[in-house]
Amino acid sequence: MKNGSRITHLVALREKEKGDWKKLTIEEKKALYRASFCQTYSEFTAPTGEWKSIIGCTLFLSALGVWLYIFLKLFEESKRAQLKRMIDLQVNPIEGIASQWDYEKDDWKK
1 MKNGSRITHL VALREKEKGD WKKLTIEEKK ALYRASFCQT YSEFTAPTGE
51 WKSIIGCTLF LSALGVWLYI FLKLFEESKR AQLKRMIDLQ VNPIEGIASQ
101 WDYEKDDWKK
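In full-length UniProt numbering, the protein residues as written are 1 to 110.
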């Protein structure tokens, strides 16, 4: 149906709707429902499949995080940089690694 004929058809149905509903056929009732609500309940509650993209993105980001962790732990430079940061921040200065560092001489305690 074209838009013009659809509109005139709906206007006629709306006029018929004002009368007795028992005179309407099932197809006319369905057409009135579709014109008023646009979707049926089963169409509204149908699954969209959006969960697949959410799980895919979550797994991708998790894998990226694992690879980044492996990359940071693999190289000696990053280990030295992390140790330097820990010493600079004086992490656990009583029993930890910062307790073995001499901050006045900038060297390990002997």
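Don't be surprised by glycine CBs; every beta carbon is placed ideally from N, CA and C.
For residue i, which three-state DSSP category applies?
{"i": "aspartate 88", "result": "helix"}
Along the chain, where does the alpha helix (DSSP H) containing residue i start, and where does it finish?
{"i": "phenylalanine 44", "result": "41 to 44"}
{"i": "alanine 98", "result": "First-last for alanine 98: undefined, no H or E at that position."}
{"i": "phenylalanine 37", "result": "26 to 37"}
{"i": "glutamate 104", "result": "Segment: none, glutamate 104 is in no alpha helix (DSSP H) and carries neither H nor E."}
{"i": "threonine 48", "result": "Unbroken run through threonine 48: none, as it is neither H nor E."}
To the nearest angstrom, how far is it from the Cα of residue i to the Cα of residue j?
{"i": "leucine 72", "j": "cysteine 38", "result": "54 Å"}
{"i": "aspartate 106", "j": "isoleucine 87", "result": "10 Å"}
{"i": "glutamate 27", "j": "threonine 45", "result": "23 Å"}
{"i": "glutamate 95", "j": "leucine 74", "result": "26 Å"}
{"i": "histidine 9", "j": "glutamate 50", "result": "37 Å"}
{"i": "glutamate 15", "j": "lysine 52", "result": "46 Å"}
Is it true that the CB of residue j sits closer than 8 Å to the CB of residue i?
{"i": "alanine 81", "j": "glutamine 90", "result": "no"}
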